[in-house]
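Heads up, the thing below is written out as structure tokens.
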Amino acid sequence: MTDSTQPSLLPEDLPPEFEADLHEVEADADDTAGTHDTTMETIVELCKRRGIIFQSSEIYGGLRGAWDFGPLGAALKDNVKQAWKRSMLQLRDDVVQIDASILMHPKVWEASGHVQGFTDPLTECRTCNARFRADQAVQGDASTYECPRSDYSLCDFGPARQFNLMFQTHVGPTQESGSEVWLRPETAQAMFVDFAHVQLTSRQKVPFGIAQVGKSFRNEITPRNFIFRVREFEQMEMEFFVRPGADEAWHDYWIAQRWNWYLDLGLRRENVRIRPHAADELSHYAKHTVDVEYRFPFAWSELEGIANRTDFDLTAHGQASGKDLSYYDQARDERFVPYVVEPAAGVDRTALAFLVDAYRVEDAPTASGGTERRTLLKLDHRLAPITVAVLPLSRNDKLVPTAKHVADLLRGRCTVQYDDAGSIGKRYRRQDEVGTPFCVTVDFDTVEDDQAVTVRDRDTMTQERVSIDRLPAYLDERLDLG
Ligand code: GAP
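Counting from 1 along the sequence shown, just add 111 to a position and that's the residue number in this note's numbering.
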């Protein structure tokens with residue numbers, strides 16, 4: 112926990128609830144026994160069929176590396192962001208949020224090192240002119256790249272050159288020199304550039320964090336694996352500013368916090384691991400980084416990087432802008448440039464991991480006493496696009512008004528879908544497949560007799576009779592909203 116080159120960590124630098132056992136976290140890095148009920152093809156097919164995620168500009172043939180989130184996908188993504196904001200902002204008082212501009216002064220990207228160094232090695236095939244990541248594509252090996260001609264024996268890769276991943280565009284009506292700007296490739300830089308302003312106006316004292324959720328853009332050479340590697344994506348990043356010397360303990364702390372977040376929201380433990388970066392893998396700004404990785408059907412792959420960025424960024428921006436980005440610690444009568452610990456996660460990848468992990472196929476009993484296969488997403492209710500489906504047994508005139516009244520009763524507290532199309536069995540399956548935790552059925556007893564509804568649990572398929580009066584409180588309790 113202590114930095115051997117610095118005085119030992121003072122207890123007031125860490126919040127009291129810090130109890131993480133990092134040894135346990137690291138031990139999980141060796142665990143490779145994952146569990147999946149699915150393949151990527153199945154997930155892509157489900158997402159397309161249910162309008163969760165589908166190709167961008169599909170009617171024009173699509174655009175590689177660009178995807179659209181339909182109604183259920185947009186809700187899932189919102190819920191991921193909401194869960195992140197709740198844990199990073201709402202439940203703490205030492206992190207504040209910003210929403211910065213995507214277009215920034217070009218000097219930001221020079222000072223940050225992105226203009227010079229945010230590159231991937233690119234190679235071009237002399238036979239078909241297709242371009243690939245030189246560090247990922249092995250000439251002639253079909254498992255490592257997609258040859259457009261599909262004749263891998265004819266491939267002839269040229270020498271690798273560095274390709275900058277930033278998208279460039281122009282501000283103003285002309286494309287003359289000096290008008291170039293970049294679409295941000297990470298949300299992080301605004302948190303450094305705005306550090307002094309935000310610290311002063313929010314009256315935060317180091318240690319504290321600035322968080323942001325928003326779009327980033329990277330001109331990836333080979334976007335792949337559905338929404339895993341794309342050219343336009345959302346990030347959830349937080350820069351936590353600490354006293355030099357306290358950085359390593361805070362790094363451990365944030366690794367533990369973020370690990371717990373993924374498990375708390377339901378990722379299966381055997382499918383998540385923490386992998387420290389090797390020295391030759393570290394970004395130019397980082398002293399130590401670990402990745403939170405998920406065991407996707409295609410490979411263990413990064414969901415989030417948690418980096419110790421030292422004072423690299425504040426120092427670089429301080430020097431390039433001529434502004435003082437140091438911090439005066441009144442209690443210690445000490446001035447320093449804060450070190451930064453950065454948990455940086457991708458919304459799209461995280462949503463994909465939750466989808467893959469939640470996917471199950473099970474045997475379910477039928478009304479006639481047999482069994483049938485049912486597909487379900489065992490999503491945590493905080494992530495499920497729809498929380499409660501309200502289903503009248505049929506479109507009968509007596510049932511519909513009551514069912515609509517029940518739906519209205521619940522709308523303020525969670526996401527409700529009213530559905531009266533098809534047999535009740537089919538409607539249950541439809542809701543299971545998109546992860547709706549509860550179905551509420553209105554039948555003839557409801558309107559003629561007991562003013563009660565049937566609440567069906569997605570995972571156990573058990574059904575409980577609950578009076579309409581008690582339904583909001585009942586669901587609050589089941590959803591832990593109370
Ligand atoms: N500020 C540090 C930073 O941007 P990063 O590891 O390059 O670090 C953070 O990105 C996260 O953003 C990744 O862990 C990943 O979840 C997401 N991400 C990065 N590139 C992505 C891409 N091309 N497609 C989808 N998500 C991406």
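Built from N, CA and C at the ideal position, the CB exists for glycine as well.
A quick note: this is a predicted structure, and the numbers were derived from the prediction, not measured.
Lys196 versus Trp370 - alpha carbon distance: Here residue 196 refers to the residue found at position 85 when the sequence shown is read from its first residue. Here residue 370 refers to the residue found at position 259 when the sequence shown is read from its first residue. Their Cα atoms are separated by approximately 15 angstroms.
Exposed unless 16 or more other CB atoms sit within 10 angstroms - verdict on Thr143: Counted from its first residue, the sequence shown places residue 143 at position 32. Its pLDDT being 46, under 50, Thr143 is placed unreliably by the model, and the measurement read from it follows with that caveat. Exposed, since its Cβ has fewer than 16 Cβ neighbours within 10 Å.
Opening and closing residue of the beta strand (DSSP E) in which Glu445 lies: Looking up residue 445 in the sequence shown gives position 334. Looking at the DSSP string, the run of the beta strand (DSSP E) that includes Glu445 is 445 to 447.
Phe344 Cβ short of 7 angstroms to the ligand GAP heavy atom set: Start at 1 with the first residue of the sequence shown, and residue 344 comes out as number 233. Between the ligand GAP and the CB of Phe344, the shortest heavy atom gap is smaller than 7 angstroms.
Gln300, enclosing alpha helix (DSSP H) - first and last residue: Numbered from its first residue, the sequence shown carries residue 300 at position 189. Gln300: member of the alpha helix (DSSP H) spanning 299 to 304, first to last residue.
Tyr263 to Ala500 span [Cα, whole Å]: Position 152 of the sequence shown, counting from 1, holds the residue named residue 263. Position 389 of the sequence shown, counting from 1, holds the residue named residue 500. Using only the alpha carbons, I get a separation of about 50 angstroms.
Through-space distance from Val403 to Glu415, alpha-carbon basis: The residue given as residue 415 occupies position 304 in the sequence shown. The residue given as residue 403 occupies position 292 in the sequence shown. C-alpha separation (whole angstroms): 5 angstroms.
Pair within 8 angstroms by beta-carbon distance, Trp365 and Val309: Numbered from its first residue, the sequence shown carries residue 365 at position 254. Numbered from its first residue, the sequence shown carries residue 309 at position 198. No.
Range covered by the beta strand (DSSP E) that runs through Ala475: Sequence index remark: in the sequence shown, residue 475 carries index 364 (1-based). Following the DSSP letters along the chain, one finds Ala475 inside the beta strand (DSSP E) bounded by residues 470 to 476.
Tyr171 classed as buried or exposed, judged by whether at least 16 other C-beta atoms fall within 10 angstroms: Counting from 1 along the sequence shown, the entry for residue 171 is found at position 60. Exposed is the call here.
Ala633 beta carbon near the ligand GAP (any heavy atom closer than 7 angstroms): The question about residue 633 has no answer here: the residues shown for the chain are numbered 112 through 593.
Opposing strand residues paired with Pro387 [DSSP bridges]: Working through the sequence shown from its first residue, we reach residue 387 at position 276. Under DSSP, Pro387 forms a beta bridge with Val401.
heavy atom of the ligand GAP below 7 angstroms from Ala322 C-beta: For the purposes of this step, residue 322 is identified with residue 211 of the sequence shown, where counting begins at 1. No.
Through-space distance from Gln346 to Ser327, alpha-carbon basis: By one-based count along the sequence shown, residue 327 stands at place 216. By one-based count along the sequence shown, residue 346 stands at place 235. If you take the alpha carbons of Ser327 and Gln346, they lie about 7 angstroms apart.
Delimiting residues of the beta strand (DSSP E) encompassing Ile316: By 1-based counting over the sequence shown, the position of residue 316 is 205. With the sequence shown as reference, residue 316 is identified as Lys, and Ile is not the correct amino acid for it. No residue range can be given for Lys316, since it is assigned to no beta strand (DSSP E) and is classified by DSSP as neither H nor E.
According to DSSP, residues forming a beta bridge with Arg244: Within the sequence shown, residue 244 is the residue found at index 133, counting from 1. DSSP output for Arg244 lists Leu233 as bridge partner(s).
Which of helix, strand or coil DSSP assigns to Gly289: Looking up residue 289 in the sequence shown gives position 178. In the three-state scheme derived from DSSP, where H, G and I count as helix and E and B as strand, Gly289 is classed as coil.
Three or more C-beta pairs below 8 angstroms linking the stretch 475 to 484 and the stretch 521 to 532: For the pair of segments examined, the stretch 475 to 484 was found not to touch the stretch 521 to 532: the number of CB pairs separated by less than 8 angstroms stays below three.
Leu590 CB to nearest heavy atom of the ligand GAP below 7 angstroms: Locating residue 590 in the sequence shown gives position 479, counting from the first residue. Not under cutoff, so the answer is no.
Thr513 - containing alpha helix (DSSP H), residue span: In the sequence shown, the residue the question calls residue 513 occupies position 402. Unbroken alpha helix (DSSP H) run through Thr513: 510 to 522.
Ile163 and Gly184 closer than 8 angstroms at C-beta: The residue given as residue 163 occupies position 52 in the sequence shown. The residue given as residue 184 occupies position 73 in the sequence shown. Closer than 8 angstroms, so yes.
Sequence-distant residues of its chain with Cβ nearer than 6 angstroms to Gln117 (five each side left out): As a first step, residue 117 must be located in the sequence shown, where it is residue number 6. Low confidence applies here, because Gln117 scores a pLDDT of 39, under 50, leaving its location unreliable; read the following figure in that light. Answer for Gln117: Gly356, listed in chain order.
Beta-ladder partner(s) of Pro217, from DSSP: For this step, residue 217 is matched to residue 106 along the sequence shown. Beta-bridge pairing links Pro217 to no other residue.
Same chain only: Cβ atoms within 6 angstroms of Glu297, ignoring 5 sequence neighbours per side: Translated into positions along the sequence shown, residue 297 becomes position 186. Correct list, in chain order: Ser327.
Rounded separation between His388 and Val401 - CA only: For this step, residue 388 is matched to residue 277 along the sequence shown. For this step, residue 401 is matched to residue 290 along the sequence shown. The alpha-carbon of His388 is positioned some 6 angstroms away from that of Val401.
Helix, strand or coil at Arg506 [DSSP, three-state]: Sequence index remark: in the sequence shown, residue 506 carries index 395 (1-based). It is coil, neither helix nor strand.
Length of the line joining the Cα atoms of Val517 and Ile154: Here residue 517 is taken as the residue at index 406 of the sequence shown, counted from 1. Here residue 154 is taken as the residue at index 43 of the sequence shown, counted from 1. Cα to Cα, the separation comes out at about 32 angstroms.
Separation of Phe319 from Ala222, as counted between CA atoms: Position 111 of the sequence shown, counted from the first residue, corresponds to residue 222. Position 208 of the sequence shown, counted from the first residue, corresponds to residue 319. Rounded to whole angstroms, Ala222 to Phe319 spans 23 angstroms at the Cα level.
Which of helix, strand or coil DSSP assigns to Gly325: Taking the first residue of the sequence shown as 1, we reach residue 325 at position 214. Looking at Gly325 - three-state DSSP - the assignment turns out to be strand.
Length of the line joining the Cα atoms of Phe465 and Arg237: Stepping through the sequence shown from its first residue, residue 465 is reached at position 354. Stepping through the sequence shown from its first residue, residue 237 is reached at position 126. Rounded to the nearest angstrom, the two C-alpha atoms are 40 angstroms apart.
Distance cut-off 7 angstroms: Val341 Cβ against heavy atoms of the ligand GAP: By one-based count along the sequence shown, residue 341 stands at place 230. At least one heavy atom of the ligand GAP is nearer than 7 angstroms to the Cβ of Val341, so yes.
Beta-carbon contacts of Ala299 that lie in its chain and below 7 angstroms, excluding the five residues immediately before and after: Your numbering for residue 299 matches position 188 in the sequence shown. By the criterion of a C-beta distance shorter than 7 angstroms, Ala299 is surrounded in its chain by Glu348, Glu350, Glu453, Ala455, once the five residues flanking it on both sides are discounted.
Cβ neighbour criterion (16 or more within 10 Å) applied to Thr571: Counting from one through the sequence shown, the residue named residue 571 turns up at place 460. If you draw a 10 Å sphere on the C-beta of Thr571, you find fewer than 16 other C-beta atoms in it, and that means exposed.
Bridge partner(s) assigned by DSSP for Asn419: Within the sequence shown, residue 419 is the residue found at index 308, counting from 1. Paired residue(s): His399, Val452.
Cβ-based neighbour list, Tyr373, same chain, cut-off 6 angstroms, excluding 5 preceding and 5 following: The residue given as residue 373 occupies position 262 in the sequence shown. The answer, listed in chain order, is Val383.
Any non-hydrogen atom of the ligand GAP closer than 7 angstroms to Asp459 Cβ: Along the sequence shown, read from residue 1 onward, the residue named residue 459 stands at position 348. Result yes, Cβ under 7 angstroms from the ligand GAP.
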